[in-house]
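Residue numbers for the sequence shown follow my numbering, so the first one is 455 and each next one is one higher. In this text, a Cβ means the ideal position worked out from N, Cα and C, and glycines have one as well. Small disclaimer: the values here were computed from a predicted structure and weren't measured.
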Amino acid sequence: MILRPFDPWKSELCTCPPKLSLNPYTGCPHGCLYCYASSYIPNFGVCRPKADLHKRLAREAIKVTPGSIVAMSNSSDPYPPKEEELRLSRGCLRILKYRKLSVQVVTKSHLVAQDARLLASMKACVAITITTLDDSISRRLEPGASLPKERILALTSLAEAGVPVSVRIDPIIPGINDQEIEGLVAAVCRAGARHITSSTYKARPGSLKRIISAFPKECAALERLFAGGHRVAGSSYLPFEIREGLMNKVREKAKLVGLTFSSCREGSVPVPGISCDGSHLLAGEKGL
Ligand code: SF4
């Protein structure tokens, strides 16, 4: 199946609205140290186009109720460098548009801006993940993804084309990017974002090891913090007060600049009309 129900580990902390998941590529070249998908997809760093993707999608999309939400992508980035040549995601968007399905693109790539006109012509919103404005942190944390300034420029292009855009400040990792919240919120607001989704880092053994070896100075503090947290569905959560403090800070800063806010898998009660994943922007809502 190309279109699968979105169901991140059946976590009771996931408050996403019902949606389908579509990954045009298997694997992802961005190499984010905190990536969850790399722990369950073999050979994850090698980006492979799905075979017969458009034919299979066209066949399956016929059976989906118009208006349903398709998230593209959750286990890979739909705009890896290969997309410039293969245009698999662009082809998927055209099929989904034809079938009157709603699309939420989730990406860390500036290439999404190349589809701004197509996205503006259909029921679509985009969530761009931006975890830092500092190139050197970004290069260590998400070595293959577009640089922060490229993502901000893509955000501006999409917003100017009329595509509703949210930003995921996700994950926030104490000692690495938690001091950037104010600057990040202000920058994405200026660039045209309408909503912010945020989340703290949920450690898995492999990802924590990668982060610790890339950020050795932060190592001891991170290990201490996660030792004081608790486990949920195979991940270690930071202590509640730290997660609550960080989410409150993003919420306050977002409110100050007039953006809506939600958190992802933090146990917060969703605000009516505001989805945790930013997909409420599909309805053209400005939020609360
Ligand atoms: S962009 Fe997403 S799927 Fe790709 S490596 Fe980063 S976290 Fe993993």
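_Helix, strand or coil at PRO444 according to DSSP, with G and I counted as helix_ = Nothing can be reported for residue 444, as the shown portion of the chain is limited to 455 through 742.
*Quick one: what does DSSP say VAL642 is sitting in, helix, strand or coil?*
Note: VAL642 maps to helix in three-state DSSP.
*Check LYS740 in the structure and name its three-state DSSP category.*
With a pLDDT of 41 at LYS740, under the threshold of 50, the modelled position of that residue is not reliable, and the figure given next carries that caveat. Note: LYS740 maps to coil in three-state DSSP.
*asked:* Helix, strand or coil, according to DSSP, for ILE623 in the structure here?
replied: strand
*Between the region 665 to 685 and the region 712 to 727, do three or more beta carbon pairs fall short of 8 Å?*
no
*With a threshold of 16 other CB atoms inside 10 Å of the CB of ASP569, please say whether the residue is buried or exposed.*
Of the residues assessed, ASP569 falls on the buried side of the cut-off, its CB having 16 or more other CB atoms within 10 angstroms.
_Using only the alpha-carbon positions, how far apart do GLY727 and SER667 sit?_
41 Å
*Cα-Cα, which of GLY629, ALA581, LYS509 is closest to PRO532?*
Comparing Cα-Cα distances from PRO532 to each of GLY629, ALA581, LYS509, the minimum goes to ALA581.
_Runs of alpha helix (DSSP H) wholly within the region 534 to 601 (minimum 4 residues, chain order)_ = 537 to 540, 542 to 552, 570 to 574, 589 to 595
*With distances taken from CA atoms, which of ARG553, ARG571, SER543, ILE549 is nearest VAL559?*
Across the set ARG553, ARG571, SER543, ILE549, the C-alpha of SER543 shows the shortest separation from the C-alpha of VAL559.
_What I want to know is whether the C-beta of LYS562 ends up closer than 7 Å to one or more non-hydrogen atoms of the ligand SF4._
yes
*Which residues bound the beta strand (DSSP E) around ILE696?*
Where ILE696 is concerned, there is no enclosing beta strand (DSSP E), although the alpha helix (DSSP H) it sits in stretches over 694 to 710.
*Beta carbon of ALA567, beta carbon of LEU612: below 8 Å?*
yes
*Go to ARG513, then tell me how far its beta strand (DSSP E) extends in each direction, as first and last residue.*
No beta strand (DSSP E) contains ARG513, which is instead part of the alpha helix (DSSP H) from 507 to 515.
*Using a threshold of 7 Å, is the CB atom of CYS489 nearer than that to any non-hydrogen atom of the ligand SF4?*
yes
*Quick one: grab the DSSP three-state call for ALA525.*
strand
*Along the alpha helix (DSSP H) that carries PHE680, what are the first and last residues, could you check?*
673 to 681
_Expected contact under 8 Å - CB spacing of LEU710 and ILE626 to nearest Å_ = That belief does not hold up - the Cβ atoms of LEU710 and ILE626 are roughly 18 Å apart, past 8 Å.
*Any chance the CB of GLU604 is under 7 Å from a heavy atom of the ligand SF4?*
Not under cutoff, so the answer is no.
*Straight-line CA distance for ALA578 to ALA505?*
25 Å
*By how many angstroms is the C-alpha of SER563 removed from the C-alpha of ARG548?*
19 Å
*By DSSP, does ILE456 sit in helix, in strand, or in coil?*
coil
*Following the continuous beta strand (DSSP E) through ARG685, name the residue where it begins and the one where it ends.*
ARG685 -> beta strand (DSSP E) spans 684 to 686.
*asked:* Just checking CYS482 against the ligand SF4 - is the residue's beta carbon closer than 7 Å to any of the ligand's heavy atoms?
replied: Yes - the ligand SF4 has a heavy atom lying nearer than 7 Å to the Cβ of CYS482.
*Drop a sphere of 10 angstroms on the beta-carbon of THR519, count the other beta-carbons inside from all chains shown, and report buried for 16 or more, exposed for fewer.*
exposed
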